[in-house]
Amino acid sequence: MAKKQFKTESKRMLDLMINSIYTNKEIFLRELISNASDAIDKLYFKSLTDDKIKIKKSDFKINISIDKDARTITVSDNGIGMTEEELDKNLGTIAKSGSLEFSQENENTESKKIDIIGQFGVGFYSAFMVADKVTVISHAYGSDSAFKWQSDGLDGYSISASERKEYGSDIIMHIKESTENENYDEFLESYRIQSLVKQYSDYIRFPIVMDMEKSKLKEGSEDEYETVIEPTTLNSMIPLWKKNKRSVKTEDYNKFYKDTFHDYEDPLKIIHQNAEGLVAYQALLYIPAKAEYNYYSKNYEKGLQLYSSGVKIMDKCADLLPDCFNFVKGVVDSEDLSLNISREMLQQDRQLKAIANGLEKKIKKELLDMLNKERENYEKFWKAFGLQIKYAIYSSYGMQRDMLEDLLLFTRASDSKLCSLKEYTNAMPEGQKYIYYAAGETVEKLNLLPQAEMVKNHGFDIFYLTDDVDEFLMTILHEFDGKEIRSISNGDLGLETESEREEKKEKEESNKDLLDFMKESLQDKVSEVILSSRLLSHPVCISTKGMMSIEMEKVLSQMPGNDNLPKTEKVLELNPSHEIFDKLTKIWEAGDKDKIKLYSDILYNQALLIEGISIPDPLEFSNEICKLMD
Ligand code: ADP
Ligand code: MG
């Protein structure tokens, strides 16, 4: 019989398993039981949608048997089974995308390899951590033949015709010999296997049965016992989400999360809901502590596992989660979903929509709770998934704002801490009209903006925005709590008193010729040169008019296909209380227009530099400075 080679990626994975020094080799059993349970789910689901298949739920089981002399453990199921092609495809190529990409990145260090095994469900090949030879005999449902897949490791596998009366699969593992350092014999002890099933697979919804020794009263006797061997169901079969909240330990919730959703960190939040409204359902949801490696990529698929009366209908039901909460992992189980519907029809299902609505509200409530009561965790959450919330508000054109705006956090100027809109407005001192923000690259740079100084000097806080989406988001929000949201670089900031305003107006009138000349000499680089009311100790700054800000222009121009963007209307603002302005007026009075032109240029370029914009002609700028040094 010809040997087939494993596909390259599978080989790498297999290599990892065979040579594993991972201490939790015992997880192989959990993996095989989970595959058996999946296979049963598939067949049971099929039977619900196909009247010709007559199988009762109670017919399904997973069997474990141990043969000490032959050194084998066999995990059997009466699930959907595999055809010859499926054996080849499913067991010859294992594209565990997540774990594999990860292991490629971290190929070289042994400790990293161990991490990988702990982090991801490693699947079928984990059998090779404890077995030197694995045989799979499988009979696909509806077929009349069975096939055998066999491999003793890296040099490949073979598939041949075999016998198996009923549909389903047997996974037969020939257990490695124990060595000085490694004890494999323990896996041939039924008590050890029983405790592993209890530990890792208790919630599996089909009976996991194994022959166990029991001591029983001898028949006809009152005090004489004998040892009998009886098939025994090892698991409680009650899924975690069906249990009473009070009876489940956090530890168990976390273990289930890590095993099922392949994370190695505990979740930030566990949400266990037993809803009894119009549609009854149980939900066990988790908020992960970190974004998955592909979370911010197109490949990421949102969704919750969907069960109906204990049968898994879908692994990732996307319709249960709104995009804004696409990071949530978990399970939903409802007796109220009609079972005889196809997955396509499920999308239109009214009950499903009702569940989705219920979950959305619940998740929001729990997040708000976290924000108010578990601040540290919430900020962790925000760092991992805040961007998603912001995009959700932005990309829904604000339709989702009512639902999500309370969850937003931004860095505030006063102490560089994260702060919600509500916290900001609650802390606003009397006389502050607006919510202020500044957008730029980093908090450090924003802190240096000349126009921030005056706002801070009034005792008003500023949100420092550093994500690309932030300023667009603020434009969409526009106000919060009845307070308008304003950029410190655009328009009136409401900082002046009436008399200050008058005074400035007069000054602007009397210096009109100077300002006009400066504008003229700067040509269309700026749309106006004005006297500023947002500057304290700095001589100049750039502000903008209209919708498009400097940061927005930066963000948009980095996107492909945005060549004909409307430009920002820049305004050069001069600080009338600064000595430089006095100097300008003196030069103007003396009639030295060339010098005014030179100064205008230099001031403009300086303002650009402060704003973090590269100047159009650095060489000329440097020449101009040199001229001043004469
Ligand atoms: P996963 O379970 O994450 O898909 P595994 O490596 O555990 O990955 O299994 C690979 C594939 O082999 C499964 O997706 C399934 O198609 C098939 N398979 C494994 N065990 C069984 C089984 N007992 N019955 C039917 N198919 C199985
Ligand atoms: Mg699996």
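Throughout the sequence shown, residue numbering follows this note's numbering, covering 511 to 1140 in sequence. We treat Cβ as the ideally placed atom computed from N, Cα and C, and that holds for glycine.
Supposed close pair residue i, residue j - CB separation, criterion 8 Å
i: Y791; j: S711; result: The Cβ separation is near 24 Å, so there is no contact.
i: V719; j: P741; result: 5 Å
i: D577; j: A546; result: Not really, about 18 Å apart at Cβ, beyond 8 Å.
i: N650; j: E673; result: Checking the sequence shown, residue 650 turns out to be Ala, not Asn. That belief does not hold up - the Cβ atoms of A650 and E673 are roughly 14 Å apart, past 8 Å.
i: E1006; j: S1053; result: Incorrect: roughly 15 Å between the Cβ atoms, too far for contact.
i: F716; j: F555; result: Wrong, their Cβ atoms sit about 13 Å apart, outside the cutoff.
i: K822; j: F771; result: Not a contact, Cβ separation roughly 14 Å.
i: S999; j: Q961; result: 6 Å
i: T921; j: L931; result: With 8 Å as the limit, T921 and L931 do not qualify as a contact, their Cβ atoms being about 13 Å apart.
Collapsed DSSP secondary structure at residue i in the structure displayed
i: K1035; result: helix
i: Q709; result: helix
i: T801; result: Looking at the sequence provided, one finds Ala at residue 801 rather than Thr. A801: coil per DSSP, three-state reduction.
i: L539; result: helix
i: E1013; result: helix
i: Y806; result: coil
i: D1023; result: helix
i: R756; result: helix
i: Y774; result: coil
i: Q515; result: coil
i: D916; result: helix
i: F990; result: strand
i: V585; result: strand
i: S1043; result: coil
i: I590; result: coil
i: K1137; result: helix
i: L814; result: strand
i: G840; result: strand
i: S607; result: Low confidence applies here, because S607 scores a pLDDT of 43, under 50, leaving its location unreliable; read the following figure in that light. Of the three classes helix, strand and coil, the one that applies to S607 here is helix, per DSSP.
i: K622; result: For K622, the predicted structure reports a pLDDT of 49, less than 50, and the residue's modelled location is therefore unreliable. A value from the coordinates is still provided. Residue state, collapsed to three classes: helix.
i: Q1116; result: helix
i: D577; result: strand
i: L847; result: coil
Among the options, nearest to residue i - alpha-carbon criterion
i: K658; options: Y667, K871, I647, S819; result: I647
i: P1076; options: I1060, E1083, E541, M1028; result: I1060
i: K1055; options: R540, K1080, E1063; result: K1080
i: E963; options: A650, L1003, I682; result: L1003
i: M880; options: Y774, L847, I797; result: I797
i: I528; options: A512, N534, A637, K883; result: A637
i: I739; options: I823, A1100, Y701; result: Y701
i: K643; options: F835, E699, T582; result: T582
i: F982; options: S905, S1124, N867, T921; result: S905
i: L816; options: E1012, L847, L956, A801; result: L847
i: L1118; options: I685, V1050, S746, N887; result: V1050
i: D833; options: V821, N867, K822; result: N867
i: S679; options: E594, R1044, K872; result: E594
i: F970; options: V640, L698, K728, Y947; result: Y947
i: L788; options: S705, R860, T737; result: R860
i: Y901; options: I537, L526, L914; result: L914
i: I714; options: S926, M747, I574, R756; result: M747
i: H684; options: E1019, L526, L698; result: L698
i: Y1114; options: D1034, A937, Q1068; result: D1034
i: L1082; options: G1122, M1062, L1041; result: L1041
i: E736; options: K724, N745, T743, M824; result: K724
i: Y677; options: L1094, D662, L553, E690; result: L553
i: I590; options: D598, A549, D560; result: A549
i: I903; options: K893, K890, L918; result: L918
i: K768; options: D551, M1057, G896, L795; result: L795
Neighbourhood of residue i by C-beta, 7 Å cutoff - its chain only, sequence neighbours within 5 removed
i: E989; result: I995
i: S568; result: none
i: E775; result: A799, K800
i: M1173; result: Residue coverage of the chain in this structure runs from 511 to 1140, which leaves residue 1173 outside it and unanswerable.
i: S1037; result: K1055, E1079, K1080, V1081
i: A671; result: S655, F657
i: K653; result: Note that residue 653 is Ser in the sequence shown here, rather than Lys. Excluding sequence neighbours, S653 sits near T593.
i: Q898; result: C834, N836, F837
Own chain residues within Cβ distance below 6 Å of residue i, not counting five before or after
i: T645; result: Q660, I682
i: L1025; result: V1039
i: Y1109; result: none
i: E687; result: none
Spatial neighbours of residue i in its chain, beta-carbon cut-off 8 Å, leaving aside the 5 residues before and after
i: K513; result: D665, G666, Y667, S668
i: L830; result: G813, L814, L816, V842, L862, I865, A866, L869
Residue i: CB within 7 Å of a non-hydrogen atom of ligand 4
i: D587; result: As far as ligands go, the structure on display features ligand 1 and ligand 2 and does not contain ligand 4.
Check: What runs of the beta strand (DSSP E), each 3 residues or longer, lie entirely inside the region 654 to 741?
Finding: 656 to 661, 667 to 672, 678 to 685, 718 to 727
Margin query: If we require 4 or more residues per run, which alpha helix (DSSP H) segments fall completely within the region 920 to 958?
Written below: 931 to 936, 953 to 957
Checklist line | Contiguous alpha helix (DSSP H) assignments of at least 4 residues, all confined to the region 860 to 908 | finding: 860 to 883, 885 to 905
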